[in-house]
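Numbering-wise (this note's numbering), the sequence shown opens with residue 1244 and increments by one.
Each residue gets a CB set at the ideal place from its N, CA and C atoms; glycine is no exception.
It should be emphasised that the depicted structure is a prediction, and the values quoted were computed from it without experimental measurement.
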Amino acid sequence: MTRMDYTLQTHPETLLAGKSLRMSVALDRTGELWGRFMPGLKEIPERIGRDLYSMEVYDGLAYFDAFDPEKSYTKWAAVPVAAQGDAPEGTEYLILPEGLYAVFPYRASMAPTPVFYGRIFTEWLPKSGFRLDNRPHLAIMGPDYHRDNPDALEHIWIPVKANG
1244 MTRMDYTLQT HPETLLAGKS LRMSVALDRT GELWGRFMPG LKEIPERIGR
1294 DLYSMEVYDG LAYFDAFDPE KSYTKWAAVP VAAQGDAPEG TEYLILPEGL
1344 YAVFPYRASM APTPVFYGRI FTEWLPKSGF RLDNRPHLAI MGPDYHRDNP
1394 DALEHIWIPV KANG
């Protein structure tokens, strides 16, 4: 296998505005979630930058003990904002806590998404000197990102802390 490129970065505490849905790997509702979020994006005030955040919020680290495609989690489609404001009806807010992340550049042309994530958790993490931290997992997509472009760049942020 090829080496996985990554950097370690601390993501600051960030207020996010968006929408969320419960889902599982078996019942992936990502398309539905983004379909609900994108029409109101321009109406979200106090937006910081143009990055889009796709987040998974797990009910705890036990989620990762054994793979079960039926286990549910909460997925978010969101953007960073300066403050809660007069956003469209149904907008939700979440404070992303500050923390250390392993950040992996990803393009769909590199590998199918499940394969890429599988490598992070089964190859990189066990050898890294880090363990998962119980914070949201992120994919941050820049303003030029387009889901239908296999070479569009996104960054996968995996919350970590040092072993020990």
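Here Lys1318 is buried: its Cβ has 16 or more other Cβ atoms, across all protein chains shown, within 10 Å. Beta-carbon to beta-carbon, Ser1315 and Ser1267 are separated by about 5 Å, close enough to satisfy the 8 Å threshold. Ranked by Cα distance from Val1346, the first of Gly1328, Ser1371, Arg1279 is Ser1371.
Every unbroken stretch of the beta strand (DSSP E) spanning 3 or more residues and falling wholly within the region 1348-1386 is given here in chain order: 1373-1375, 1380-1384. Of the candidates Gly1261, Tyr1306, Phe1280, the residue whose Cα lies closest to the Cα of Arg1378 is Tyr1306.
Comparing alpha carbon positions, the residue from Gln1327, Asp1376, Glu1275 closest to Tyr1336 is Gln1327. In the DSSP assignment, Gly1278 falls within the unbroken alpha helix (DSSP H) covering 1273-1280. For Tyr1306, the secondary structure class from DSSP, reduced to helix, strand or coil, is helix. With respect to the 8 Å criterion, Ala1320 and Trp1277 are classified as neighbours on the basis of their beta carbons.
Looking at Asn1392, Thr1356, Pro1402, Arg1390, the one whose alpha-carbon comes closest to that of Leu1375 is Pro1402.
In this structure, Gly1292 lies away from Pro1331, with their beta-carbon atoms at least 8 Å apart.
Within 10 angstroms of the beta-carbon of Ile1383 lie 16 or more other beta-carbons, which makes it buried. Pro1386 counts as exposed, since fewer than 16 other beta carbons sit within 10 angstroms of its beta carbon. Distance between Val1300 and His1380, taken at the CA atoms: about 7 Å. In this model, Ala1395 and Gly1333 are separated by some 29 Å (Cα to Cα).
C-alpha of Gly1407 to C-alpha of Leu1343: approximately 15 Å in a straight line.
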